[in-house]
Amino acid sequence: MKDVADNTMKAPGASDPNRRDFLLLATGAAGAVAVGGIAWPLISQMNPDASTVAAGAPVEVDLAPIGEGKAITLKWRGKPIFVRHRTAQEIADAKKDDTAALPDRQADAARVRAFDGKAQEQWIVVYGNCTHLGCVPIGFSGEYNGWYCPCHGSHYDNSGRIRKGPAPRNLDIPEFAFLSASKIRIG
Ligand code: FES
Numbered sequence: 003m004k005d006v007a008d009n010t011m012k013a014p015g016a017s018d019p020n021r022r023d024f025l026l027l028a029t030g031a032a033g034a035v036a037v038g039g040i041a042w043p044l045i046s047q048m049n050p051d052a053s054t055v056a057a058g059a060p061v062e063v064d065l066a067p068i069g070e071g072k073a074i075t076l077k078w079r080g081k082p083i084f085v086r087h088r089t090a091q092e093i094a095d096a097k098k099d100d101t102a103a104l105p106d107r108q109a110d111a112a113r114v115r116a117f118d119g120k121a122q123e124q125w126i127v128v129y130g131n132c133t134h135l136g137c138v139p140i141g142f143s144g145e146y147n148g149w150y151c152p153c154h155g156s157h158y159d160n161s162g163r164i165r166k167g168p169a170p171r172n173l174d175i176p177e178f179a180f181l182s183a184s185k186i187r188i189g
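With the working numbering as the guide, the letters of the sequence shown map in order to residues 3 to 189.
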């Protein structure tokens, strides 16, 4: 997963210092957060259920430590998953682009999940593998300030929709559900 770590560490390169805190959150370890370019090995150390998670069991993710405008990367079933807390402006941008020329047309609303009947549109949860050849895109980057895959130049928006480049489809969304307004279960 070294490639994942390297790419993840590039994500804080966004110019907005508020977005430089690229959080790595260990599931099940409440409040256990590392800031900055801390790589995958730390996740494993922090996560008391690492072996269980690696085996593919569902994991619960506490969203409370993820501030607005920030994101975390976690590893589940051997793959990176991005959990991004969008700002109101980012949500508005994504909705506005529902009518843009989208290579893999999907409304932003179809990429979020609800809790208690209310769309939790501030949360985007996607697999962190480019749908071209699987590289790990860089967060808060690219022409749409979503993710940018440097391998061959695919640009995703903050909804994880492919906007430009060779990737054939939007970032995939794992099976997940809200257990509360501040907790999700993946798997
Ligand atoms: S793997 Fe991402 S653009 Fe090719």
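Note that CB positions come from ideal geometry on N, CA and C, so glycine has one too.
Inset, instruction - Please state whether DSSP places Lys-98 in a helix, a strand or coil. - result: helix
Legend entry - Beta-carbon proximity of Pro-105 to His-134, cut-off 9 Å: no
Legend entry - Where Arg-187 falls: helix, strand or coil (DSSP): strand
Legend entry - N- and C-terminal bounds of the beta strand (DSSP E) containing Asp-106: It is not in any beta strand (DSSP E) - Asp-106 carries neither H nor E in the DSSP assignment.
Legend entry - Contact test: Gly-167 Cβ vs ligand 1 heavy atom, cutoff 8 Å: yes
Inset, instruction - Report buried or exposed for Leu-173, applying the criterion of at least 16 other Cβ atoms within 10 angstroms of its Cβ. - result: The residue in question, Leu-173, is buried, as its Cβ has 16 or more Cβ neighbours within 10 Å.
Inset, instruction - Consult DSSP for Ala-179 and reduce its assignment to one of helix, strand or coil. - result: strand
Inset, instruction - Within its chain, find whatever has a CB closer than 6 Å to the CB of Gln-47; leave out the 5 residues flanking it on each side and keep chain order. - result: For Gln-47, the predicted structure reports a pLDDT of 36, less than 50, and the residue's modelled location is therefore unreliable. The matter cannot be settled from this model.
Legend entry - Heavy atom of ligand 1 within 8 Å of Ser-156 beta-carbon: yes
Legend entry - Close Cβ partners of Tyr-150 (< 8 Å) along its chain, the five nearest in sequence each way excluded: Pro-139, Ile-140, Ser-143, Gly-144, Ser-156, His-157 and Tyr-158
Inset, instruction - Could you name the residues that DSSP lists as bridge partners for Ala-147? - result: Ala is not the amino acid found at residue 147; the sequence shown has Asn there. Beta-bridge pairing links Asn-147 to Asp-159.
Legend entry - Where Pro-170 falls: helix, strand or coil (DSSP): coil
Inset, instruction - Could you tell me how far apart the beta carbons of Phe-180 and Gln-122 are, in whole angstroms, since I believe they sit closer than 8 Å? - result: 6 Å
Legend entry - Neighbour-count burial assignment, Ala-102, 16 or more Cβ in a 10 Å radius: exposed
Inset, instruction - Can you check DSSP and say which residues form a bridge with Arg-76? - result: For the record, residue 76 in the displayed sequence is Leu; it is not Arg. Leu-76 pairs with Ile-83.
Inset, instruction - Counting only the same chain and skipping the five closest in sequence on each side, list residues whose C-beta sits under 8 Å from that of Gly-189. - result: Take Gly-189, set aside five residues on each side of it, and the residues of its chain with a beta-carbon closer than 8 Å to its own are Gly-58, Ala-59, Pro-60, Val-61, Trp-78, Arg-79, Pro-176, Glu-177 and Phe-178, in chain order.
Legend entry - According to DSSP, residues forming a beta bridge with Val-128: Partner(s): Phe-84.
Legend entry - Local Cβ density within 10 Å of Gly-136, reported as buried at 16 or more and exposed below that: Gly-136 is exposed by the Cβ-count criterion.
Legend entry - Residue nearest to Gly-69 in terms of C-alpha spacing, selected from Arg-165, Val-128 and Thr-89: The shortest Cα separation from Gly-69 among Arg-165, Val-128 and Thr-89 belongs to Thr-89.
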